[in-house]
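Input: a single structure, listed below in structure tokens.
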Amino acid sequence: MRRALIYVATGLLAALAVGPNLAAQHRGLSTISGVVLGPDDKPVPHAAVTYQSAAGIAPHAVHTDAQGHFTITKLRSNDIYDLRASGKGVFSEWEKNVSVRSGQTKSVTLRLIYAKEIPKAYTKSKAKE
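Note that the numbering used here has the sequence shown beginning at 146, numbered continuously upward.
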């Protein structure tokens with residue numbers, strides 16, 4: 146009987162300790178997902194996507210997968226973010242003022258357009274004659 150009470154008390158304490166943390170993790174979090182396209186309008190694998198709050202606080206980066214898709218999770222809801230992509234020496238413009246709401250997933254397409262010259266990775270090589 147005493148052992149059963151100890152197990153119940155331990156279980157209740159564990160639930161109380163974990164419960165608020167889980168609620169805090171899921172309350173008010175948002176997601177931005179999207180794709181990065183190159184100058185050739187094809188998805189760019191392993192491109193870097195830099196993001197920060199619109200106030201310039203806490204810059205971070207994620208990378209696209211093999212199909213050029215990215216997901217940024219655990220963003221504070223009711224906030225505004227700026228995003229920019231880069232890959233193979235080419236950059237996108239800043240996508241500014243992307244607002245997210247609680248529990249929302251916002252979709253964004255970033256297009257790589259800026260470079261001093263188009264990298265060879267995006268130009269078709271001509272067959273030697």
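Backbone N, C-alpha and C fix where the C-beta goes; we use that ideal spot for every residue, glycine too.
For residue 230, is the classification buried or exposed, using 16 other Cβ atoms within 10 angstroms of its Cβ as the cut-off for buried?
A residue is called buried once 16 or more other Cβ atoms fall within 10 Å of its Cβ, and residue 230 is buried on that count.
What separation, rounded to the nearest whole angstrom, lies between the Cα atoms of residue 236 and residue 192?
Looking at the backbone, the Cα of residue 236 and that of residue 192 are separated by about 10 Å.
From 204, 189 and 213, pick the residue whose C-alpha is nearest to that of residue 196; which is it?
Of 204, 189 and 213, the residue nearest in Cα terms is 204.
Starting from residue 253, trace the beta strand (DSSP E) in both directions and tell me its first and last residue.
That run of the beta strand (DSSP E) goes 250-259.
For residue 252, which residues from the same chain have a beta carbon less than 7 Å from its beta carbon, with the 5 sequence-adjacent residues on both sides left out?
For residue 252, the CB contacts under 7 Å within the same chain, skipping 5 residues up- and downstream, are 178 and 179 in chain order.
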